[in-house]
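Structure first, commentary second.
Protein chains: 4
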Amino acid sequence: MKDAAVPSHTLQFRVRYGETDQMGSYFNAHVLTWMEMGRTELSRHLGLPYAEWERRGIYLPVVEAHLKFSGRAPYDTLLEMTTTVEPTGYVRLRFNNRIVWAETKAPVAHGYTIHAVLNREGKPVRLPDWVRQLICGGSDSRPCAE
Amino acid sequence: MKDAAVPSHTLQFRVRYGETDQMGSYFNAHVLTWMEMGRTELSRHLGLPYAEWERRGIYLPVVEAHLKFSGRAPYDTLLEMTTTVEPTGYVRLRFNNRIVWAETKAPVAHGYTIHAVLNREGKPVRLPDWVRQLICGGSDSRPCAE
Amino acid sequence: MKDAAVPSHTLQFRVRYGETDQMGSYFNAHVLTWMEMGRTELSRHLGLPYAEWERRGIYLPVVEAHLKFSGRAPYDTLLEMTTTVEPTGYVRLRFNNRIVWAETKAPVAHGYTIHAVLNREGKPVRLPDWVRQLICGGSDSRPCAE
Amino acid sequence: MKDAAVPSHTLQFRVRYGETDQMGSYFNAHVLTWMEMGRTELSRHLGLPYAEWERRGIYLPVVEAHLKFSGRAPYDTLLEMTTTVEPTGYVRLRFNNRIVWAETKAPVAHGYTIHAVLNREGKPVRLPDWVRQLICGGSDSRPCAE
């Protein structure tokens with residue numbers, strides 16, 4: 000199902016107390032924050048942390064997000080999140096995230112975010128070559144082909 | 000365009016300092032928090048605040064969310080959010096939100112959330128009659144017809 | 000007790016669902032966020048919103064905060080917060096906040112924040128005259144006297 | 000300076016994108032959230048995660064907090080936080096936290112929180128013996144002596 004060429008990274012983290020709500024599980028908005036953490040660690044794993052992308056003048060604001068919430072996770076639950084990335088066209092990136100309980104793999108949430116590629120002035124630009132390189136590994140492999 | 004029978008509520012609020020990020024606009028996750036505020040005020044406007052729903056044993060966890068981010072809004076921007084609600088089938092509710100700059104109506108974000116209907120034990124239940132009543136006003140009007 | 004000359008502003012707001020935690024009341028960190036809201040609205044009430052302070056090149060990062068948490072407030076509680084401000088010396092501002100239930104005045108939390116006064120380069124500067132003017136009303140009244 | 004008998008735990012974490020604000024550093028309220036993370040990991044390090052404390056019917060709401068903010072930390076900064084705990088009397092616990100840049104040890108923030116000890120009904124109770132045991136290691140060592 001998953002193309003081996005798609006860059007992927009998995010990390011573990013725990014639900015913070017303040018991330019729960021009075022229903023006793025994580026509050027939905029924090030999933031978007033966690034997804035950002037996943038993108039951050041995936042970019043580091045690819046060899047160029049996202050903070051460095053911004054220093055190079057490339058910004059990736061989220062323009063669209065879709066989330067499905069499939070299971071509860073109270074305070075201190077050890078979660079496991081897998082993040083993948085793929086270009087969608089020449090001016091967008093798409094990150095996919097899947098969050099499960101680390102021990103049981105019980106599903107918690109999954110979704111994707113779509114990102115514009117902006118320069119320092121906030122103008123849309125094409126994906127720089129060094130980004131495509133990071134994601135596609137230089138090859139013209141499937142995840143990067145249009 | 001908008002069916003007059005769909006319950007709708009509009010409120011204004013400002014972007015908090017802590018809701019911005021280092022790109023100088025609101026951080027995306029807060030939109031999900033704002034959408035919850037919209038649902039809260041719509042339920043109060045319909046005559047039965049959501050806190051009362053929970054006291055009656057009805058819980059509405061978000062099971063799906065879709066968001067589009069269409070414009071910036073830095074600290075202290077006065078925003079205007081319109082929220083509507085409609086049943087989707089007998090066991091789901093859908094809320095729609097649209098957020099714009101209060102003064103210029105410049106678009107900021109819009110999206111929807113889909114909610115399960117659970118009882119105190121966390122079991123899915125059908126929409127209680129008093130909820131359909133609140134939303135459909137007793138009539139079998141379009142937003143509530145299947 | 001309270002000097003009539005001290006600028007003061009009171010606002011009301013509700014506890015958001017995502018601001019609660021699994022203990023069923025607001026999570027403590029949000030009080031710092033609420034206190035910022037109080038400073039924002041006090042500055043607007045004084046005639047010059049804080050966003051304008053930053054446009055003039057004056058930044059007020061918090062350098063110290065003290066908080067006491069005295070009572071619960073679950074989701075949707077209508078709270079009332081009073082904020083006051085006073086200079087402390089020539090290079091610091093102090094804001095005080097008190098949060099109670101709007102209807103019963105039952106105490107929820109109170110505290111203060113102390114702020115450095117920085118210019119655009121992040122260097123500490125003396126309180127500009129226009130800030131002292133805003134706070135002390137031009138007079139050499141007590142809250143501003145050293 | 001630091002009594003060897005005081006339970007202490009150090010952890011590392013990164014500043015999330017959404018934890019920054021438009022000044023380009025972490026927003027102050029998140030320090031209270033981080034301090035909670037420190038307490039969580041210290042309790043796990045002591046052998047009984049705080050989630051288990053609540054399952055045993057002991058709750059530790061924060062009743063007081065003091066924070067000093069001493070340095071900036073933008074997105075993705077690797078931080079190091081050290082947390083210690085000590086009883087203060089028979090009905091309060093005090094946690095201390097110090098946050099620095101992991102690499103340079105440049106100071107970021109430090110402070111403490113004081114916690115009530117409540118039972119399931121929200122009534123104040125004395126520190127249970129098993130808590131004193133965890134913290135004082137069974138000995139009547141200094142951090143636990145009155």
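Chains as they are written, first to last, in numbering that gives the first Met the number 0: chain H, 0 to 145; chain W, 0 to 145; chain G, 0 to 145; chain R, 0 to 145. For every residue, glycine included, the Cβ atom is placed at its ideal position computed from N, Cα and C.
Pull up the distance between the alpha-carbon of residue i and that of residue j, whole angstroms please.
i	j	result
residue 93 of chain G	residue 110 of chain R	18 Å
residue 87 of chain W	residue 59 of chain R	41 Å
residue 0 of chain G	residue 54 of chain W	Caution applies to residue 0 of chain G, whose pLDDT of 39 falls short of 50 and renders its modelled position unreliable; the value that the coordinates give is listed next. Near 41 Å, if we compare the C-alpha coordinates of residue 54 of chain W and residue 0 of chain G.
residue 155 of chain G	residue 118 of chain H	Missing from the structure shown is residue 155 of chain G; chain G here goes from 0 to 145 and no further.
residue 16 of chain G	residue 132 of chain H	43 Å
residue 105 of chain H	residue 120 of chain H	43 Å
residue 48 of chain W	residue 39 of chain W	7 Å
residue 136 of chain R	residue 84 of chain W	56 Å
residue 112 of chain G	residue 76 of chain H	33 Å
residue 28 of chain R	residue 115 of chain H	29 Å
residue 91 of chain R	residue 61 of chain R	10 Å
residue 95 of chain G	residue 129 of chain G	21 Å
residue 36 of chain G	residue 82 of chain H	35 Å
residue 14 of chain H	residue 23 of chain H	11 Å
residue 51 of chain G	residue 127 of chain G	14 Å
residue 31 of chain W	residue 124 of chain G	38 Å
I'd like to know whether the C-beta of residue i is nearer than 7 Å to at least one C-beta of chain G.
i	result
residue 15 of chain W	yes
residue 141 of chain W	Residue placement at residue 141 of chain W is flagged as unreliable, the pLDDT there being 47, under the threshold of 50; the coordinate-derived value follows with that caveat. Not one chain G Cβ lies under 7 Å of residue 141 of chain W.
residue 120 of chain W	no
residue 36 of chain W	yes
residue 108 of chain W	no
Flag residue i as yes if its beta-carbon sits less than 7 Å from any beta-carbon of chain A, otherwise no.
i	result
residue 27 of chain H	Here the protein chains are H, W, G and R, and chain A is not one of them.
Under the three-state reduction of DSSP, which class applies to residue i: helix, strand or coil?
i	result
residue 80 of chain G	strand
residue 39 of chain R	helix
residue 103 of chain W	coil
residue 87 of chain R	coil
residue 93 of chain G	strand
residue 28 of chain H	coil
residue 108 of chain R	strand
residue 50 of chain R	helix
residue 147 of chain R	Residue 147 of chain R is absent from the structure shown; chain R starts at 0 and stops at 145.
residue 131 of chain W	helix
residue 1 of chain R	Because the pLDDT of residue 1 of chain R is 45, which lies under 50, any placement of that residue in the model is unreliable, and the number read from its coordinates should be weighed accordingly. Note: residue 1 of chain R maps to coil in three-state DSSP.
Along chain W, which residues have their Cβ under 7 Å away from the Cβ of residue i?
i	result
residue 31 of chain H	27, 28, 31
Just checking: is the beta-carbon of residue i within a distance shorter than 7 Å of some beta-carbon in chain W?
i	result
residue 63 of chain H	yes
residue 105 of chain G	no
residue 131 of chain R	no
Can you list the residues of chain G that residue i reaches, using a CB-CB cut of under 7 Å?
i	result
residue 19 of chain H	20, 21
residue 86 of chain W	What residue 86 of chain W touches in chain G: nothing, since even the nearest Cβ is about 21 Å away.
I'd like to know whether the C-beta of residue i is nearer than 7 Å to at least one C-beta of chain R.
i	result
residue 68 of chain G	yes
residue 74 of chain H	yes
Show which residues of chain H have a CB atom less than 8 Å away from the CB atom of residue i.
i	result
residue 58 of chain W	22
residue 48 of chain R	75
When you compare the CB of residue i with every CB in chain H, is at least one pair closer than 7 Å?
i	result
residue 101 of chain R	no
residue 115 of chain R	no
For a contact meaning CB atoms closer than 8 Å, what does residue i contact in chain R?
i	result
residue 82 of chain H	Ordered by position in chain R, no residue passes the 8 Å Cβ test against residue 82 of chain H, which lies about 14 Å from the chain.
Along chain G, in chain order, which residues have C-beta atoms closer than 8 Å to that of residue i?
i	result
residue 112 of chain W	Here the premise fails: no neighbours, minimum Cβ distance about 12 Å.
Please confirm whether any heavy atom of the ligand ZN lies closer than 6 Å to the CB of residue i.
i	result
residue 36 of chain R	Inclusion of the ligand ZN in the displayed structure is not the case, the ligand content being empty and no account of it being possible.
Closer than 9 Å by beta-carbon distance: list the chain W residues that pair up with residue i, in chain order.
i	result
residue 39 of chain G	13, 15, 16, 74, 75
Is the stretch 61-75 of chain W close to the stretch 60-74 of chain H, with three or more CB pairs under 8 Å?
Between the stretch 61-75 of chain W and the stretch 60-74 of chain H there are three or more inter-stretch CB-CB distances shorter than 8 Å, so the stretches are counted as touching.
I'd like to know if the stretch 38-56 of chain G and the stretch 3-23 of chain G are in contact, where contact means that at least 3 CB-CB pairs between them fall below 8 Å.
Counting Cβ pairs under 8 Å, three or more are found: they touch.
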